[in-house]
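In our numbering, the protein residues as written are 1188 to 1407.
Quick reminder that beta carbons are idealized off the backbone N, C-alpha and C, glycines included.
Since the model is a prediction, treat every value here as computed from it, not as a measurement.
Data block below; observations after.
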Ligand code: DC
């Protein structure tokens, strides 16, 4: 692999990885990889094509062949599958859960490795997910493990979803987050774990801006 700098940001859902990564990438002019979006897009593709979640062969084939594009028109982050905007569908909690189930399958993970590594381009890359610093870019120069308490992560997710749906329940969101954490941390392959050489940042009581500042300081 070429040695363009990579910053990996791993951690559980709702810790702020997405926002922090996008801001850091934009400040540095680096590329950005949202690896969770690949698993989420695969969940959307499976549902569109009626593929059963047990059908590893078809899912793995879809993982390799799916035509996924990440765009940023007018600063808005957008994901296109076969030229169709699936950003809203991907943002749903159910999609995250299906993505987490799909992601526990080692064959499917393997099928996505190359797609993820191709994002490493000059001048640099910010890659966020669960296994960026442990499996996909183990030699990354900068590694962060970003976490926050379950209560805070559920609260952030609740405020986000409430804008779309007035009937969301904080308790339900919290239990979904806990279930997803459990699955992501206990799977047999590439579980969510802090890399030995990653710096731990807990964002429970600090702002996204100060996490971004910390990242930039580490790199500079
Ligand atoms: O980051 P996210 O919430 O969009 O990710 C959705 C699911 O995808 C997450 O619960 C587990 C899986 N995932 C993964 O296994 N490995 C990654 N690098 C990124 C996401």
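In whole angstroms, what separates the C-alpha of residue i from that of residue j?
i	j	result
residue 1248	residue 1235	15 Å
residue 1199	residue 1312	20 Å
residue 1224	residue 1407	28 Å
residue 1208	residue 1238	32 Å
residue 1254	residue 1205	22 Å
residue 1387	residue 1201	15 Å
Ligand 2 and residue i: does the residue's C-beta get closer than 7 Å to at least one heavy atom of that ligand?
i	result
residue 1343	In terms of ligand content, the structure shown lacks ligand 2 and carries ligand 1 instead.
Contact defined as beta carbons within less than 8 Å: I believe residue i pairs with residue j. What is the distance between those atoms, to the nearest angstrom?
i	j	result
residue 1335	residue 1394	Actually they do not touch by this definition, with Cβ atoms about 12 Å apart.
residue 1246	residue 1323	Rounded, the Cβ-Cβ distance is 19 Å, inconsistent with contact.
residue 1194	residue 1327	7 Å
residue 1367	residue 1283	7 Å
Among the options, which one has its Cα closest to the Cα of residue i?
i	options	result
residue 1375	1287, 1326, 1220 and 1402	1287
residue 1381	1192, 1338, 1320 and 1403	1320
residue 1244	1298, 1218, 1278 and 1285	1298
residue 1383	1275, 1205 and 1318	1318
residue 1281	1364, 1392, 1405 and 1196	1364
Residues in the same chain with beta-carbon distance under 8 Å from residue i, minus the five sequence neighbours each way, listed in chain order, please.
i	result
residue 1191	1307, 1308, 1309, 1310, 1311 and 1312
So, at 7 Å on beta carbons, what are the nonlocal neighbours of residue i in its own chain, with the 5 sequence-adjacent residues on each side left out?
i	result
residue 1277	1224, 1227, 1228, 1231 and 1266
residue 1251	1298
Once you ignore the five residues that flank residue i on each side, which residues in its own chain have a CB closer than 6 Å to its CB?
i	result
residue 1222	1303 and 1316
residue 1378	1372
residue 1188	Legend: pLDDT at residue 1188 = 49, less than 50; position of this residue unreliable, no value from coordinates given.
At least three beta-carbon pairs within less than 8 Å, the region 1299-1315 to the region 1258-1265 | No: fewer than three Cβ pairs fall under 8 Å.
At least three beta-carbon pairs within less than 8 Å, the region 1396-1407 to the region 1337-1350 | Flag = no, the region 1396-1407 and the region 1337-1350 do not touch.
Taking one C-beta from the region 1207-1222 and one from the region 1271-1282 each time, how about it: are there three or more such pairs within less than 8 Å?
-> Contact between the region 1207-1222 and the region 1271-1282 is absent, with fewer than three C-beta pairs closer than 8 Å.
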